[in-house]
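Working notes, structure below.
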Ligand SMILES: [Zn+2]
Ligand SMILES: [Zn+2]
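In this note's numbering, the protein residues as written are 504 to 675.
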């Protein structure tokens with residue numbers, strides 16, 4: 504199975520986080536990631552809901568374009584808090600071949616714990632871009648994190664079922 508190209512676009516302050524995510528995703532999934540640092544300030548601020556003080560994740564992803572002919576997967580890593588309608592917040596969102604992960608609620612004074620959280624959320628959203636859905640196995644990276652405890656409990660790789668599903672998607 505060939506590796507899909509993945510571009511991880513990170514705010515300048517999140518370079519280390521992006522490199523961690525890149526390492527994790529290369530280990531866990533059939534993708535070839537590349538890290539790019541960019542100034543996302545304008546896109547972030549034009550997608551911000553002023554009442555909530557949070558970035559609308561769908562609007563933000565729409566602002567980067569969702570050309571279905573684009574082969575490459577794109578994941579954006581930002582520091583602002585994000586949300587989708589109907590939820591107080593989300594850690595990340597995948598939408599077609601684009602995804603966003605916010606580090607806002609992953610922060611911890613324990614740097615290693617924080618970076619592990621970033622790795623898991625990046626792998627999770629890239630899993631969605633590859634066609635995987637949520638998994639009921641609470642140790643699988645595709646388990647839905649409703650809280651940071653869920654993120655801390657799960658691993659950064661796919662369970663056997665999700666790995667098999669990914670194989671099936673790849674050959675179909
Ligand atoms: Zn998810
Ligand atoms: Zn799974």
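Glycine included, C-beta positions come from ideal geometry on N, C-alpha and C. Keep in mind it's a predicted model, so treat the numbers as computed, not measured.
Item to complete: Identify every run of the beta strand (DSSP E) within the region 549 to 610, keeping only runs that are complete inside it and at least 3 residues long; order them along the chain.
Response: Entirely contained in the region 549 to 610, the beta strand (DSSP E) runs reaching 3 residues are, in chain order, 557 to 559, 576 to 581, 595 to 598, 601 to 605.
Worksheet item: Heavy atom of ligand 1 less than 8 Å from the Cβ of residue 595, yes or no?
Response: Start at 1 with the first residue of the chain shown, and residue 595 comes out as number 92. Yes - ligand 1 has a heavy atom lying nearer than 8 Å to the Cβ of residue 595.
Fill in: Distance between residue 584 and residue 592 (C-alpha atoms, nearest Å)
Mapped onto the chain shown, residue 592 falls at position 89. Mapped onto the chain shown, residue 584 falls at position 81. Those two C-alpha atoms are separated by around 7 Å.
Worksheet item: Smallest Cα separation from residue 521: which of 536, 532, 601, 661?
Response: Counting from one through the chain shown, the residue named residue 521 turns up at place 18. Closest option to residue 521, Cα to Cα, is 536.
Item to complete: Please determine, among 624, 655, 664, 633, the residue with the shortest C-alpha to C-alpha distance to residue 506.
Response: Numbered from 1 along the chain shown, position 3 holds the residue referred to as residue 506. Residue 506 has its Cα closest to that of 633, out of 624, 655, 664, 633.
Item to complete: Report the residue from 615, 565, 618 whose alpha carbon sits nearest the alpha carbon of residue 597.
Response: Translated into positions along the chain shown, residue 597 becomes position 94. Of 615, 565, 618, the residue nearest in Cα terms is 565.
Worksheet item: When every heavy atom of ligand 1 is checked, does at least one fall within less than 8 Å of the C-beta of residue 647?
Response: The residue you call residue 647 lines up with position 144 of the chain shown. Yes, Cβ of residue 647 sits closer than 8 Å to a heavy atom of ligand 1.
Worksheet entry | Coil, strand or helix - residue 522 by DSSP | To locate residue 522, count along the chain shown from 1; it is residue 19. Helix at residue 522.
Worksheet item: If you compare alpha carbons, which of 625, 611, 639 is closest to residue 530?
Response: By 1-based counting over the chain shown, the position of residue 530 is 27. Ranking 625, 611, 639 by Cα distance to residue 530 puts 625 first.
Fill in: Helix, strand or coil at residue 618 according to DSSP, with G and I counted as helix
Numbered from 1 along the chain shown, position 115 holds the residue referred to as residue 618. Helix.
Item to complete: Would you kindly work out how many angstroms separate the C-alpha atoms of residue 654 and residue 539, rounded to a whole number?
Response: The sequence position of residue 654 within the chain shown is 151, counting from 1. The sequence position of residue 539 within the chain shown is 36, counting from 1. Their Cα atoms are separated by approximately 25 Å.
Worksheet item: Contact between the region 660 to 672 and the region 551 to 566: three or more CB pairs below 8 Å?
Response: no
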